[in-house]
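First comes the structure, then the notes that go with it.
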Amino acid sequence: MLPAVMPTYNRLDLSFTHGKGAYLYATDGRRYLDFAAGIAVNSLGHCHPHLVKALQAQAEKLWHVSNLYRVPEQEKLAQRLVDSTFADTVFFGNSGAEAMECAIKVARKYHSANGQPERVRIIAVEGAFHGRTLTTLAAAGNKKYLDGFGPVAGGFDHVPFGNMNELRNAITPETGAIIVEPVQGEGGIRPAALDYLRQLRAVADEYGLLLIFDEVQCGVGRTGKLFAHEWAGVAPDIMGVAKGIGGGFPMGACLANEKAAKGMTYGTHGSTFGGNPLAMAVGNAVMDVVNDPAFLAQVERVGRDFWTRLEGLVASHPTVFAEVRGAGLMLGLKCVMPNGDVQTAFREQGMLTVGAADNVLRLLPPLTIGDTEVGEAMEMMEKAARKLAG
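Its first residue numbered 122, the sequence shown is counted upward by one per residue in our numbering.
Spelled out as structure tokens, the structure:
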């Protein structure tokens with residue numbers, strides 16, 4: 122019999138009653154160390170007091186008004202993002218897919234507004250993931266996710282991740298933009314080389330292309346900078362943001378500089394729920410915490426220590442793990458044995474992770490973790506690895 126909830130997920134028989142910090146509490150009484158964090162969504166852990174207070178306060182005042190009216194909290198968060206990034210303007214949606222859909226529209230509209238409507242094609246890279254709408258799936262080009270959904274949305278050319286020669290060769294008079302994740306998440310925790318990001322900026326400038334970064338998963342402090350591309354010292358023209366910026370509340374944002382947003386005038390885009398008062402209250406609360414140099418420095422320090430300890434784990438169990446990948450607290454363990462088996466073994470010890478392509482397990486803990494949680498995670502992974510290695 123078909124379940125009432127459409128069976129698009131291979132769900133575990135596991136549910137939770139509540140969460141606190143880096144821990145989730147299951148209905149069977151077990152406590153789990155949550156190093157998946159809703160796939161990098163719970164950036165400040167579960168029930169962070171500052172976020173709870175902000176949401177409760179807003180819930181007692183105003184839940185929703187249409188974007189036909191001014192939303193002061195939306196204007197406040199947009200200005201804070203503008204002040205902290207390359208961007209001059211922000212559009213708010215409800216998810217990463219919406220943020221990236223907006224980014225694609227901004228790029229195409231820019232060229233149309235410049236009298237070059239034929240420049241609709243966007244160069245994307247293999248292994249990417251940009252969302253689950255038909256257009257963002259086409260942008261990623263992953264056959265597994267496109268199969269069975271009819272004609273693939275056109276306008277995307279794919280080249281290998283990190284290969285500048287093939288990217289240059291793919292540029293045609295119809296090319297309008299390049300789209301890249303500074304750190305691929307779904308694709309297996311693959312960070313772009315910083316020089317690759319710099320070369321993307323240079324090529325975009327050379328050919329009059331717009332550069333789009335997808336920081337839906339790697340942004341909002343995840344790598345120890347507010348946004349991952351900052352490590353390279355370059356800026357995109359357009360950027361998609363989601364996941365961590367809502368701290369668990371559905372929210373996405375498309376940021377753009379003034380040049381790129383040239384065509385986004387009245388009536389060109391919209392969202393019923395995007396930027397509503399509840400989401401903006403939480404988004405501002407997240408920014409209160411994340412956009413603090415001391416907080417970001419702590420993320421970097423903990424991430425660096427975690428990386429070192431993971432390298433030791435990999436070296437001790439070569440039949441289980443192949444390597445450590447990632448940046449900051451966006452880390453991955455490439456596995457030798459099936460990553461699903463390793464994930465199950467971790468979960469049996471009381472630790473939650475999330476899989477990725479290339480046989481990788483993603484470690485995406487709340488950014489609020491410290492040495493205690495890292496130490497606990499290492500003990501669980503060590504026990505699991507010893508059991509798996511026999």
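From the three backbone atoms N, C-alpha and C, an ideal C-beta is built for every residue, glycine too.
The beta strand (DSSP E) runs of length 3 or more contained entirely in the segment 190 to 259 are, from start to end of the chain, 210 to 214 and 242 to 246.
In terms of Cα proximity to methionine 502, the closest of Ala158, Leu484 and Ala418 is Leu484. The bridge partners DSSP lists for histidine 279 are Ala245. Contact between the segment 218 to 231 and the segment 354 to 362 is present: three or more C-beta pairs spanning the two stretches fall below 8 Å.
In this structure, DSSP gives glutamate 444 an extended state, which the three-state scheme calls strand. Note on phenylalanine 348: 16 or more other CB atoms within 10 angstroms of its CB, so buried under the neighbour-count rule. By the criterion of a C-beta distance shorter than 6 Å, leucine 454 is surrounded in its chain by Phe442 and Leu482, once the five residues flanking it on both sides are discounted. Closest in alpha carbon position to arginine 311, among Val301, Thr474 and Gln320, is Val301. Here isoleucine 366 is actually not in contact with alanine 143; their C-beta atoms are around 19 Å apart, not less than 8 Å. With distances taken between CA atoms, glutamate 247 lies nearest to Ala260 out of Ala260, Gly236 and Arg240. Boundaries of the beta strand (DSSP E) harbouring leucine 376: 373 to 377, taken from the DSSP string. Where arginine 422 is concerned, there is no enclosing beta strand (DSSP E), although the alpha helix (DSSP H) around it starts and stops at 414 to 437. Alanine 448 is a Cβ neighbour of valine 304, given a cutoff of 8 Å.
Taking a cut-off of 8 Å on C-beta distances, the segment 369 to 385 touches the segment 209 to 228, as three or more cross pairs fall below it. For glutamate 497, the closest alpha carbon among the candidates Pro238, Arg152 and Ala125 is that of Arg152.
Straight across, the Cα-Cα distance linking leucine 488 with histidine 350 is about 18 Å.
Exposure of histidine 139 is indicated by the presence of fewer than 16 other C-beta atoms within 10 angstroms of its C-beta. A Cβ-Cβ distance of about 5 Å is found for the pair alanine 510 and threonine 440, placing them in contact under the 8 Å criterion. For aspartate 335, the enclosing beta strand (DSSP E) has its first and last residue at 331 to 335.
At the C-beta level, alanine 218 and threonine 254 come within 8 Å of one another. Here proline 312 carries a strand assignment [DSSP, helix/strand/coil].
Residue Asp316 holds the alpha-carbon nearest to the alpha-carbon of glycine 354 among Asp316, Arg425 and Asp155. Between asparagine 188 and glycine 391 a beta carbon distance of about 7 Å is seen, short of the 8 Å cut, so the two are scored as contacting. Under the three-pair Cβ rule at 8 Å, the segment 407 to 415 counts as touching the segment 165 to 177. Residue environment: glutamine 179 is assigned as buried (16 or more neighbouring CB atoms within 10 Å of its CB, all protein chains considered). Taking glycine 166 as the centre and dropping the five residues before and after it, the same chain places the C-beta of Gly142, Ala143, Pro487 and Thr489 closer than 7 Å to its C-beta, in chain order. Less than 8 Å separates the beta-carbon of tyrosine 328 from that of isoleucine 292. Residue ranges of uninterrupted beta strand (DSSP E) with 3 or more members, entirely inside the segment 455 to 490 and ordered along the chain, are 475 to 477 and 481 to 484. Take asparagine 460, set aside five residues on each side of it, and the residues of its chain with a beta-carbon closer than 7 Å to its own are Gly476, Asn480, Val481 and Leu482, in chain order. Bounds of the alpha helix (DSSP H) holding tyrosine 266 are 264 to 267. Counted as a single uninterrupted DSSP element, the alpha helix (DSSP H) harbouring isoleucine 160 occupies residues 158 to 161. Excluding residues up to 5 positions away in sequence, Thr474, Gly476 and Leu482 lie with their Cβ nearer than 7 Å to the Cβ of glutamine 464 in the same chain. Comparing C-alpha distances from glutamine 470 to each of Arg289, Ala323, Thr493 and Glu500 shows the shortest one belongs to Glu500.
In this structure, the beta-carbon distance from threonine 344 to methionine 451 falls below 8 Å. When DSSP reads this structure, alanine 298 sits in a beta bridge with Ile243 and Leu331. The DSSP-derived three-state label of isoleucine 366 is helix.
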